[in-house]
Amino acid sequence: MRPLVPVSRPARIVLGVAFFVVFVAVWAFATLGGYVSKTFLADPVTMVRSGWTLLTEMGFAHDIGMTVWRVLGGFVIAAVLAVPLGVAMGAWKPVEAFFEPFVSFARYLPASAFIPLLILWAGIGEAQKLSVIFIGSFFQLVLMIAVAVGNVRRDLVEAAYTLGSSSGSLVRRVLIPNAAPEIAEILRMVLGWAWTYVIVAELIGASSGIGHMITDSQALLATDQIIFGIIVIGLIGLVSDLAFKAGNRALFPWAQLGR
Amino acid sequence: MTAEPSGAGALPILQVRALSRTFHTAAQGETVALQATDLDVAENDFVTILGPSGCGKSTLLRIVAGLDRPTTGEVLLDGARIGGPGADRGMVFQSYTLFPWLTVLDNVCFGLRERGLPRAEQLEVARDFVDRVGLAAFANHYPKQLSGGMQQRTALARALANRPRMLLMDEPFGALDHQTRELMQELLLGIWERERKTVLFVTHDIDEAVFMGGRVVVMSARPGRIKSDRTIGFAHPRHYSLKTTPEFGHIKAELTEELRAEVLAAARQAAERD
Chain U
1 MRPLVPVSRP ARIVLGVAFF VVFVAVWAFA TLGGYVSKTF LADPVTMVRS GWTLLTEMGF
61 AHDIGMTVWR VLGGFVIAAV LAVPLGVAMG AWKPVEAFFE PFVSFARYLP ASAFIPLLIL
121 WAGIGEAQKL SVIFIGSFFQ LVLMIAVAVG NVRRDLVEAA YTLGSSSGSL VRRVLIPNAA
181 PEIAEILRMV LGWAWTYVIV AELIGASSGI GHMITDSQAL LATDQIIFGI IVIGLIGLVS
241 DLAFKAGNRA LFPWAQLGR
Chain G
260 MTAEPSGAGA LPILQVRALS RTFHTAAQGE TVALQATDLD VAENDFVTIL GPSGCGKSTL
320 LRIVAGLDRP TTGEVLLDGA RIGGPGADRG MVFQSYTLFP WLTVLDNVCF GLRERGLPRA
380 EQLEVARDFV DRVGLAAFAN HYPKQLSGGM QQRTALARAL ANRPRMLLMD EPFGALDHQT
440 RELMQELLLG IWERERKTVL FVTHDIDEAV FMGGRVVVMS ARPGRIKSDR TIGFAHPRHY
500 SLKTTPEFGH IKAELTEELR AEVLAAARQA AERD
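Order-wise, the sequence lines are chains U and G.
Just so it is clear: in the first sequence, position 135 is 135 by the numbering used here, and no numbers are missing.
Just so it is clear: in the second sequence, position 111 is 370 by the numbering used here, and no numbers are missing.
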């Protein structure tokens, strides 16, 4: 193996799948072989079986739906507000100077630490769940988008000016299209983080959702259900990630060139 | 065919008056990049500015483009003082400045769209200019799919399509290999011979300056100022074989001597700074 030499597509798929096979094999060996107590870790077969029961008999599909809805709801609200603010901060330095110190401070505030406050303010309904996701993703989005917009090549800006661009059209026709693929990439990444916040939000004061199911299962020592819940989250994350990547490729074909 | 350096009677299209530029840096303090410089450019002339690297020739061009501000002096275009960049001075940069998210055709449309031309008209004008630089077959390619020479041809088409009063070129072929550069010189000269658009062209390549210029202005080492200014009388259209004629060689030899003194001075300055 030489460094940086690319691997063929079939080999890449085989290698990627092989990891999952090895992972499950080790897990099965440890649990079915009796090396680990069932109280602490369920085996893969039990996990799949109880997952099926969860889906068919205990309405887990509804929990999944609720969680997806919360993640998307909170994330969309955060994105709708963060993209314009991030663009404005990246483009106009006084705007950046005004917001940047506060946003930099706010993004280190752990979203989960706000949960007790948010329960006090918004109750234990959906507003509280959406707020946690909003706090967790909004400030991150704003800062990263501002940097992406501000990182435009200066000679492209100068070229636009010599072609007659005004300040407004420079933002609309150079800064935004230039940063668009990176903004899409930032949205993809932060959506992944939003998934971790929603589960935390559902662990406390929720009556539905994947996180709620996991807390319930903890009381029953049902590690099979907990693992199934975690795997479902991973799978949804993987699917949304692939969809986002495909969307970005379709929207910004020029950004893929020369990679 | 070429106009005299200061055309009698007619107002020069570009007047540079007592222009200077001093940069302030924390490391080196004050650096005089450009010393009080005067320069007139007559309508339809092709003026090349020749100088060693770091002599302030790019600074001069950037101030004319409105991308940099002078410390003293002023630049007048058609008698009016310029205050910033504008579509009346088209520019081709040394770096590749095509917008990577736009195709060749849409890059050429960029300035036309800024002027508010209807889309159909934009496309018509852009197709014509893409054709003139020989890229009709690549109209729908993205910049990253093009070679360096093709990108600079597109940049030239983009600047020309905007119908600027004059064209500013900052070592536009500097990043290209020798053969491509010679082809680009012929292409640009061919376009100029048809349109006679006023050009101010910065280069450090003597062949390039003499082959294309109606007038060659030599700048001194830092602090930059104009050292000599000569009219190049070769008739148009110029053929690439001009470069091998004795007259061409004679002018080139003289300019080489002049430039060499400046390059040595620049090297001495650099050594003293270290």
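Note that beta-carbon positions come from the ideal geometry of N, C-alpha and C, so glycine has one too.
None of these values were measured; they are calculated from a predicted model.
Give me the chain U residues within the contact set of residue i, using Cβ-Cβ distance strictly less than 8 Å, ordered along the chain.
i, result
"LYS502 (chain G)", "By Cβ distance, chain U contributes nothing, its closest Cβ being about 30 Å from LYS502 (chain G), past 8 Å."
"LEU326 (chain G)", "GLU158, TYR161, THR162"
"ASN421 (chain G)", "LEU163, GLY164"
"GLY408 (chain G)", "Residues of chain U passing the Cβ test: none, with the nearest at roughly 17 Å."
"PHE352 (chain G)", "ASP155, GLU158, ALA159"
Show which residues of chain U have a CB atom less than 7 Å away from the CB atom of residue i.
i, result
"GLY345 (chain G)", "GLY164"
"GLN404 (chain G)", "LEU257"
"THR356 (chain G)", "ASP155, LEU156, ALA159"
"PHE460 (chain G)", "Near PHE460 (chain G) there are no residues of chain U at all, since even the closest Cβ is about 15 Å away, more than 7 Å."
"TYR499 (chain G)", "The premise fails here: TYR499 (chain G) is roughly 29 Å from chain U at the closest Cβ pair, so nothing lies under 7 Å."
"PHE369 (chain G)", "LEU163"
Please name the residue in the options whose C-alpha comes closest to that of residue i.
i, options, result
"THR307 (chain G)", "G:SER279, G:GLU467, G:LEU405", "G:GLU467"
"LEU293 (chain G)", "G:GLY492, G:ALA524, G:LEU326, G:MET478", "G:MET478"
"GLY472 (chain G)", "G:LYS502, G:GLY483, G:ARG481, G:ALA480", "G:LYS502"
"ILE322 (chain G)", "G:PRO311, G:ARG340, G:SER312, G:LEU309", "G:ARG340"
"LEU141 (chain U)", "U:VAL7, U:VAL68, U:LEU191, U:LEU170", "U:LEU191"
"PHE23 (chain U)", "U:ARG9, U:GLY34, U:PRO44, U:PRO6", "U:PRO44"
"MET89 (chain U)", "U:VAL157, U:GLU100, U:SER104", "U:GLU100"
"ARG440 (chain G)", "G:GLY492, G:GLU454, G:SER406, G:ASN421", "G:SER406"
"GLY234 (chain U)", "U:ASP216, U:LEU203, U:LEU187, U:ILE199", "U:ILE199"
"ILE133 (chain U)", "U:SER169, U:PHE98, U:ALA82, U:VAL71", "U:VAL71"
"TRP360 (chain G)", "U:LEU238, U:TYR197, U:ARG173, U:VAL48", "U:ARG173"
"MET144 (chain U)", "U:ALA127, U:TRP121, U:ARG188, U:PRO116", "U:ARG188"
"GLU302 (chain G)", "G:HIS498, G:VAL389, G:SER487, G:ARG474", "G:ARG474"
"LEU364 (chain G)", "G:PRO377, G:PRO271, G:PHE388, G:GLY375", "G:PHE388"
"VAL351 (chain G)", "U:ILE227, U:TYR161, U:VAL7, U:ASP224", "U:TYR161"
"THR281 (chain G)", "G:GLN274, G:LEU319, G:LEU273", "G:LEU319"
"ARG107 (chain U)", "U:GLN128, U:TRP121, U:GLY136, U:ILE115", "U:GLY136"
"ALA470 (chain G)", "G:GLN404, G:ARG328, G:LEU514", "What sits at residue 470 (chain G) in the sequence shown is Phe, not Ala. Nearest C-alpha to PHE470 (chain G): G:LEU514."
"ALA82 (chain U)", "U:GLU202, U:GLU57, U:ILE186", "U:ILE186"
"ASP464 (chain G)", "G:VAL300, G:SER312, G:ALA285, G:ASP304", "G:SER312"
"TRP69 (chain U)", "U:ASP224, U:GLY164, U:SER208", "U:SER208"
Would you call residue i buried or exposed, if buried means 16 or more other Cβ atoms sit within 10 Å of its Cβ?
i, result
"ASP436 (chain G)", "exposed"
"GLU506 (chain G)", "exposed"
"MET1 (chain U)", "exposed"
"HIS283 (chain G)", "exposed"
"GLU250 (chain G)", "This structure does not reach residue 250 (chain G), given that chain G is present from 260 up to 533, and the question cannot be answered."
"GLN218 (chain U)", "exposed"
"GLY483 (chain G)", "buried"
"ARG374 (chain G)", "exposed"
"ARG328 (chain G)", "exposed"
"LEU109 (chain U)", "exposed"
"TRP52 (chain U)", "exposed"
Measure how close the beta-carbons of residue i and residue j come, nearest whole angstrom, since I'm counting them as under 8 Å.
i, j, result
"GLN353 (chain G)", "ASP429 (chain G)", "5 Å"
"THR290 (chain G)", "SER279 (chain G)", "About 12 Å; that fails the 8 Å criterion."
"GLY86 (chain U)", "ALA146 (chain U)", "5 Å"
"ALA398 (chain G)", "THR457 (chain G)", "That pair is no contact at about 28 Å."
"SER50 (chain U)", "ALA222 (chain U)", "7 Å"
"ILE204 (chain U)", "ILE77 (chain U)", "Their Cβ separation, rounded to whole angstroms, is 21 Å, which puts ILE204 (chain U) and ILE77 (chain U) out of contact at 8 Å."
"CYS314 (chain G)", "ARG481 (chain G)", "6 Å"
Just the chain U side, please: which residues come within less than 9 Å of residue i by C-beta, in chain order?
i, result
"ARG348 (chain G)", "THR162"
"GLU373 (chain G)", "ALA160, LEU163, GLY164, SER165, SER166, SER169, ARG173"
"ARG417 (chain G)", "ALA159, LEU163"
What does residue i touch in chain G if you count any residue whose Cβ is under 7 Å from its own?
i, result
"PRO10 (chain U)", "Near PRO10 (chain U) there are no residues of chain G at all, since even the closest Cβ is about 27 Å away, more than 7 Å."
"PRO6 (chain U)", "Here the premise fails: no neighbours, minimum Cβ distance about 19 Å."
"VAL177 (chain U)", "Residue 177 (chain U) is actually Pro in this sequence, not Val. Those within 7 Å of PRO177 (chain U) in chain G are TRP360."
"TRP193 (chain U)", "Within chain G, no residue comes near TRP193 (chain U); the closest Cβ sits about 27 Å away, beyond 7 Å."
Output needed for residue i: all residues of its chain with C-beta closer than 7 Å, excluding positions within five of it in sequence on either side, in chain order.
i, result
"ARG249 (chain U)", "GLN256"
"ILE64 (chain U)", "ILE210, VAL232"
"ARG372 (chain G)", "GLN381"
"GLY125 (chain U)", "none"
"TRP195 (chain U)", "VAL71, ILE233, GLY237"
"ALA395 (chain G)", "VAL389"
CB-CB under 6 Å to residue i, same chain, minus the five flanking residues each way: which ones, in chain order?
i, result
"PRO181 (chain U)", "PHE252, ALA255"
"PHE460 (chain G)", "THR307, MET428"
"GLY74 (chain U)", "LEU130, ILE133, PHE134"
"ILE214 (chain U)", "ILE226, GLY229"
"GLY150 (chain U)", "GLY90"
Please list the partners that residue i has in chain G, where partner means a Cβ-to-Cβ separation under 9 Å.
i, result
"TRP92 (chain U)", "None at all; the shortest Cβ gap to chain G is about 18 Å."
Excluding the five sequence neighbours on either side, which residues of its own chain have a C-beta within less than 8 Å of the C-beta of residue i, listed in chain order?
i, result
"LEU270 (chain G)", "ASP337, GLY338"
"ASN421 (chain G)", "ALA346, GLY349, GLY370, LEU371, ARG374"
"LEU156 (chain U)", "VAL174, ASN178"
"PHE19 (chain U)", "none"
"ALA512 (chain G)", "none"
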